[in-house]
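Chemist:
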Amino acid sequence: LFLLLFLQLMTKNAQELKVLLSSPKKIVITTHKGPDGDAIGSSLGLLHLLKQLGHEVQIITPNEYAKFLHWLPGNDDVITYEENEVEANKLTSEAELIFLLDFSHLSRIATYADTIKISNATKVMIDHHQDPDREIADIIFSDTSACSTAQMVFEVIEAMDMTNYLNKAIAECLYVGIMTDTGSFKYASTTAKTHHVIAELINAGAENAKIHDLIYDNSSATRIQLLGYCLNEKLRLYPENNAAIISLTDEELKRFEFKKGDTEGFVNYALAIEGIKFAIFIAEKDGMVKLSLRSKGDFKVNGIANKYFSGGGHMNASGGISELSVNETIKKVETIINEYKSELNKSN
Ligand code: 5GP
Ligand code: MN
Numbered sequence: 002l003f004l005l006l007f008l009q010l011m012t013k014n015a016q017e018l019k020v021l022l023s024s025p026k027k028i029v030i031t032t033h034k035g036p037d038g039d040a041i042g043s044s045l046g047l048l049h050l051l052k053q054l055g056h057e058v059q060i061i062t063p064n065e066y067a068k069f070l071h072w073l074p075g076n077d078d079v080i081t082y083e084e085n086e087v088e089a090n091k092l093t094s095e096a097e098l099i100f101l102l103d104f105s106h107l108s109r110i111a112t113y114a115d116t117i118k119i120s121n122a123t124k125v126m127i128d129h130h131q132d133p134d135r136e137i138a139d140i141i142f143s144d145t146s147a148c149s150t151a152q153m154v155f156e157v158i159e160a161m162d163m164t165n166y167l168n169k170a171i172a173e174c175l176y177v178g179i180m181t182d183t184g185s186f187k188y189a190s191t192t193a194k195t196h197h198v199i200a201e202l203i204n205a206g207a208e209n210a211k212i213h214d215l216i217y218d219n220s221s222a223t224r225i226q227l228l229g230y231c232l233n234e235k236l237r238l239y240p241e242n243n244a245a246i247i248s249l250t251d252e253e254l255k256r257f258e259f260k261k262g263d264t265e266g267f268v269n270y271a272l273a274i275e276g277i278k279f280a281i282f283i284a285e286k287d288g289m290v291k292l293s294l295r296s297k298g299d300f301k302v303n304g305i306a307n308k309y310f311s312g313g314g315h316m317n318a319s320g321g322i323s324e325l326s327v328n329e330t331i332k333k334v335e336t337i338i339n340e341y342k343s344e345l346n347k348s349n
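Under the working numbering, the first residue of the sequence shown carries the number 2, and numbering increases by one thereafter.
1. According to DSSP, is M289 part of a helix, a strand, or is it coil?
2. List the DSSP bridge partners of L4.
3. Using CA atoms only, rank isn't needed, just tell me which of Q226, I110 and V154 is closest to V198.
4. So is S143 buried or exposed if we call it buried at 16+ other beta carbons inside 10 Å?
5. Report the option in N242, F257, V302 and E258 whose CA atom is closest to the CA atom of L345.
6. Does the contact criterion of 3 or more C-beta pairs under 8 Å hold for the region 68-88 versus the region 36-55?
7. Within the continuous alpha helix (DSSP H) that includes I212, where are the two ends?
8. Return yes when at least one heavy atom of the ligand 5GP lies under 7 Å from the C-beta of S319, else no.
9. Are I281 and V327 touching if we call contact CB-CB under 8 Å?
10. Just to check my reading of the structure: T31 and I110 have Cβ atoms closer than 8 Å, yes? What is that Cβ distance to the nearest angstrom?
11. Return yes when the C-beta of I322 is under 7 Å from any heavy atom of the ligand 5GP, and no when it is not.
12. Contact defined as beta carbons within less than 8 Å: I believe I137 pairs with L101. What is the distance between those atoms, to the nearest angstrom?
13. State the DSSP-derived secondary structure class of M126, mapped to helix, strand or coil.
14. So, under 8 Å CB-CB, H49 and C148 are touching, yes? Tell me the CB distance rounded to an integer number of Å.
15. Is any non-hydrogen atom of the ligand MN found closer than 7 Å to the C-beta of D182, if you look at the structure I gave you?
16. To the nearest angstrom, how far is it from the Cα of G262 to the Cα of Y217?
17. Buried or exposed for L2, going by 16 or more other Cβ atoms inside 10 Å?
18. Do G320 and K291 have their CB atoms nearer than 8 Å?
19. Go ahead and pull the three-state DSSP assignment for I305.
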């Protein structure tokens with residue numbers, strides 16, 4: 002019954018959206034700050050659909066994203082709010098339709114939120130995070146069980162009966178979104194549906210081997226050396242509590258010529274150690290201390306990210322920030338590990 006209601010809502014939303022898209026519109030697509038593969042992949046995938054339908058489309062991200070995503074088709078159609086505030090404000094105030102992709106609370110788009118709030122555009126959210134703020138959009142596609150927003154964009158295209166518009170550009174972008182948010186199709190969120198969608202994307206022209214290579218096997222030597230340094234020198238293990246921390250200071254990042262995106266995935270190495278259920282990566286970036294929290298099984302990290310680090314995310318993958326120094330943040334995390342001791346030692 003629940004599934005039936007869910008599908009009905011999907012169909013109703015998709016029909017409503019299809020009507021909105023039946024005449025040319027000025028459209029803005031935005032996504033969360035520190036955009037990752039799913040944020041950019043889903044935004045660009047949607048852009049390539051909307052352009053074919055004759056709309057004027059601009060993607061505005063709160064800030065810049067990793068270079069390993071810059072090869073994606075349509076990358077030049079993206080501007081950052083941080084670097085183009087005046088233009089972004091103008092485009093947003095003129096937009097008739099705004100898509101909010103891969104986030105569920107306006108706090109995720111930083112200062113751009115003020116501009117979004119005062120816009121009169123119809124807003125459409127497509128997202129897979131917990132507890133969406135239903136006040137911020139008029140049409141809400143929310144599926145917290147979906148592996149990625151990119152998969153949801155595919156499902157929305159399907160529900161609007163528009164799969165005939167799928168092309169290589171859409172396929173490559175959505176493939177990247179699904180691949181990066183599922184850890185290359187290995188997380189529990191990966192379903193038979195995910196693999197069906199991927200098959201459709203490959204049919205539509207996504208070159209899977211090329212995409213994996215461009216995203217994962219195209220690092221600078223210094224990035225791989227930074228990874229080696231983290232694993233050799235910066236890994237703190239708490240085997241009695243099944244936890245591990247990796248941390249990096251600004252000085253260390255500079256030493257390895259850090260570029261945005263270079264530390265993506267590092268936290269997963271800590272989680273790959275036998276027995277480790279809770280892994281924390283801490284790094285000093287842009288004058289702030291950022292945390293990435295990962296877990297296995299039913300140890301939930303989004304509550305911890307929210308309670309202690311003004312953040313949030315998914316059950317097994319969350320993030321947040323710390324007001325403290327790197328060293329003090331490590332101490333705080335150690336306290337948290339201790340506090341969750343019994344939960345971390347539960348066998349499951
Ligand atoms: P990452 O560790 O890769 O930066 O983020 C993992 C996940 O945590 C993201 O997909 C996002 O859902 C969530 N996340 C990361 N940083 C923040 C944050 O500052 N606030 C909130 N609410 N969620 C975050
Ligand atoms: Mn996502």
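No residue lacks a Cβ here, since even glycine has one placed at the ideal position from N, Cα and C. None of these values were measured; they are calculated from a predicted model.
Modeler: On the basis of the coordinates in this document:
1. If you number the sequence shown from 1, residue 289 lands on position 288. In this structure, M289 counts as strand in the three-state DSSP scheme.
2. For the purposes of this step, residue 4 is taken as residue 3 along the sequence shown, with counting starting at 1. Answer is none; L4 lacks a bridge partner.
3. Within the sequence shown, numbered from 1, the residue matching residue 198 stands at position 197. When each option's Cα is compared against that of V198, the closest is V154.
4. Translated into positions along the sequence shown, residue 143 becomes position 142. Classification for S143: buried.
5. The sequence position of residue 345 within the sequence shown is 344, counting from 1. Selected option, being the one with the closest Cα: N242.
6. yes
7. One-based indexing of the sequence shown puts residue 212 at position 211. First-last of the alpha helix (DSSP H) with I212: N209 to Y217.
8. For this step, residue 319 is matched to residue 318 along the sequence shown. Yes, the beta carbon of S319 sits closer than 7 Å to at least one heavy atom of the ligand 5GP.
9. Taking the sequence shown and counting its residues from 1, one reaches residue 281 at position 280. Taking the sequence shown and counting its residues from 1, one reaches residue 327 at position 326. Cβ atoms of I281 and V327: not closer than 8 Å.
10. Position 30 of the sequence shown, counted from the start, is the residue given in the question as residue 31. Position 109 of the sequence shown, counted from the start, is the residue given in the question as residue 110. Indeed, because the Cβ distance is near 6 Å, the residues count as touching under 8 Å.
11. Residue mapping note: residue 322 aligns to position 321 of the sequence shown, counting from 1. Result yes, Cβ under 7 Å from the ligand 5GP.
12. Mapped onto the sequence shown, residue 137 falls at position 136. Mapped onto the sequence shown, residue 101 falls at position 100. About 7 Å; that satisfies the 8 Å criterion.
13. Residue 126 sits at position 125 when you count from the first residue of the sequence shown. DSSP places M126 in strand when its eight states are reduced to three.
14. Numbered from its first residue, the sequence shown carries residue 49 at position 48. Numbered from its first residue, the sequence shown carries residue 148 at position 147. Actually they do not touch by this definition, with Cβ atoms about 21 Å apart.
15. Counting from one through the sequence shown, the residue named residue 182 turns up at place 181. D182: yes, Cβ under 7 Å from the ligand MN.
16. Sequence index remark: in the sequence shown, residue 262 carries index 261 (1-based). Sequence index remark: in the sequence shown, residue 217 carries index 216 (1-based). For G262 and Y217, the distance between alpha carbons rounds to 11 Å.
17. On the sequence shown, residue 2 is found 1 positions in, with the first residue counted as 1. Under this definition L2 is an exposed residue.
18. Counting from one through the sequence shown, the residue named residue 320 turns up at place 319. Counting from one through the sequence shown, the residue named residue 291 turns up at place 290. Their beta carbons are under 8 Å apart, which means G320 touches K291 by this criterion.
19. Taking the first residue of the sequence shown as position 1, residue 305 is located at position 304. If DSSP states are grouped into helix, strand and coil, I305 belongs with the helices.
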